[in-house]
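Chemist: Below is a structure I'd like to ask you about.
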Amino acid sequence: MARTADSSLQTGLMRWDTARRQVQEGERRRAALTYHVGVQDVLLSVTLSRTAQASGSGLPGSSDLVALYHALAAMTREGVPLMEQINATKPARRNARTGLAAAHLADPAQGRPEQVAGALAADAESPPVLDLNGDGPLSDEVLIAAAAEARLILATLLADRPDLRLPHRRPWSITTEPARHFAWERRRFRYAMLPSCAGLSPVDEMRQLAQESLLLYTELWRANSRHEPARDRARDLAARIRN
Numbered sequence: 001m002a003r004t005a006d007s008s009l010q011t012g013l014m015r016w017d018t019a020r021r022q023v024q025e026g027e028r029r030r031a032a033l034t035y036h037v038g039v040q041d042v043l044l045s046v047t048l049s050r051t052a053q054a055s056g057s058g059l060p061g062s063s064d065l066v067a068l069y070h071a072l073a074a075m076t077r078e079g080v081p082l083m084e085q086i087n088a089t090k091p092a093r094r095n096a097r098t099g100l101a102a103a104h105l106a107d108p109a110q111g112r113p114e115q116v117a118g119a120l121a122a123d124a125e126s127p128p129v130l131d132l133n134g135d136g137p138l139s140d141e142v143l144i145a146a147a148a149e150a151r152l153i154l155a156t157l158l159a160d161r162p163d164l165r166l167p168h169r170r171p172w173s174i175t176t177e178p179a180r181h182f183a184w185e186r187r188r189f190r191y192a193m194l195p196s197c198a199g200l201s202p203v204d205e206m207r208q209l210a211q212e213s214l215l216l217y218t219e220l221w222r223a224n225s226r227h228e229p230a231r232d233r234a235r236d237l238a239a240r241i242r243n
């Protein structure tokens, strides 16, 4: 039976729950694999949903895609540190870039610190977006924080694992261009690069990611002090890799 956007999403969410349970039971290797496979399920749902939207079927709406992107980013946010812990460096890198792309596509501020305050102000007038992992309605604050954290995760991975700072093999500059077949989309997301990092060396990309994370978290902290620990983590990393 052909996979649909909904069936792929439900499979991915089931694997997400399984991975969390495996982590609680101390089965880190199994959990890392479950996260990795679950990410592919959700990415397939994203691909099929984007294809349906481009075909003019009317579904899904933009809020549905935002929820899918956020779920994809959140899964990688949980899975990447686990993959690194068990030295699964290639999956960690691929998942970190997949999460970066997903979080950037869901970000109402588009990674621009100067747009954070406006996005947060406008959010009060917007209907809430459903969070697919059950943590409650999404807000623009949550989405911007996810984009900042995705940058920090990849920058930290590149800082701690110099062997992953390889020249990029035809990177995909993240855009909203129409989706293609799944194998192509998977490759795009695995080699995703922010438009602001286009043309940079791997080391300069790492520094740019850390700096962008710091700037985004700083703007979020100005609006809500609960972002101070994350801002401090980004500041510490930016200082560590500055030279």
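Note that this note's numbering numbers the sequence shown so that position 239 is 239, with each residue one more than the last. All C-beta atoms in this analysis are idealised placements derived from N, C-alpha and C, irrespective of residue type, glycine included.
1. Contact between the region 213-221 and the region 97-105 is defined here as three or more beta-carbon pairs at a separation below 8 angstroms; is this criterion met?
2. Just mark Gln85 as buried or exposed, buried being the case when its beta carbon has 16 or more other beta carbons within 10 Å.
3. Are the beta-carbon atoms of Ala210 and Ala192 separated by less than 7 angstroms?
4. By DSSP's criteria, Met193 is part of a beta bridge. Which residues make up the other side?
5. Span of the alpha helix (DSSP H) holding Glu25?
6. Taking the beta carbon of Glu149 as the centre, do at least 16 other beta carbons fall within 10 Å, making it buried, or is it exposed?
7. Output the residue ranges of the beta strand (DSSP E) runs that lie fully inside the region 94-159 and measure 3 residues or longer, sorted by chain position.
8. Smallest Cα separation from Val116: which of Asn224, Arg235, Asn243 and Leu13?
9. Helix, strand or coil for Arg235 per DSSP?
10. Go to Pro202, then tell me how far its alpha helix (DSSP H) extends in each direction, as first and last residue.
11. To the nearest angstrom, report how far apart Arg186 and Leu43 are at their CA atoms.
12. Quick one: any contact between the region 154-161 and the region 26-40, if contact means 3 or more CB pairs under 8 angstroms?
13. Quick one: what's got a C-beta closer than 8 angstroms to Asp163's C-beta in the same chain, skipping five residues either side?
14. Would the C-beta of Thr47 count as close to the ligand NAD, meaning under 6 angstroms from any of its heavy atoms?
15. Thinking just about the alpha-carbon of each residue, which of Thr176, Ser45 and Arg207 is nearest to the one in Asn243?
Modeler: Quick answer:
1. Judged by Cβ distances under 8 angstroms, the region 213-221 makes no contact with the region 97-105, as fewer than three pairs qualify.
2. With fewer than 16 other CB atoms across the displayed protein chains lying within 10 angstroms of its CB, Gln85 is exposed.
3. Contact: no.
4. Bridge pairing for Met193: Ser173 [DSSP].
5. Neither: Glu25 is in no alpha helix (DSSP H) and is coded neither H nor E.
6. Residue environment analysis places Glu149 among the buried positions, since at least 16 neighbouring C-beta atoms fall within 10 angstroms of its C-beta.
7. Fully enclosed beta strand (DSSP E) runs of 3 or longer: not present.
8. The shortest Cα separation from Val116 among Asn224, Arg235, Asn243 and Leu13 belongs to Asn224.
9. Look at Arg235 here: in three-state DSSP terms it is helix.
10. That run of the alpha helix (DSSP H) goes Pro202 to Ala223.
11. If you take the alpha carbons of Arg186 and Leu43, they lie about 7 angstroms apart.
12. They do not touch, by the three-pair rule.
13. If we look at Asp163 and ignore the five residues flanking it on each side, its Cβ neighbours are Thr89.
14. Because no ligand of any kind appears in the structure shown, any question about the ligand NAD cannot be addressed here.
15. Of all alpha-carbon atoms in Thr176, Ser45 and Arg207, the one lying nearest the alpha-carbon of Asn243 is that of Arg207.
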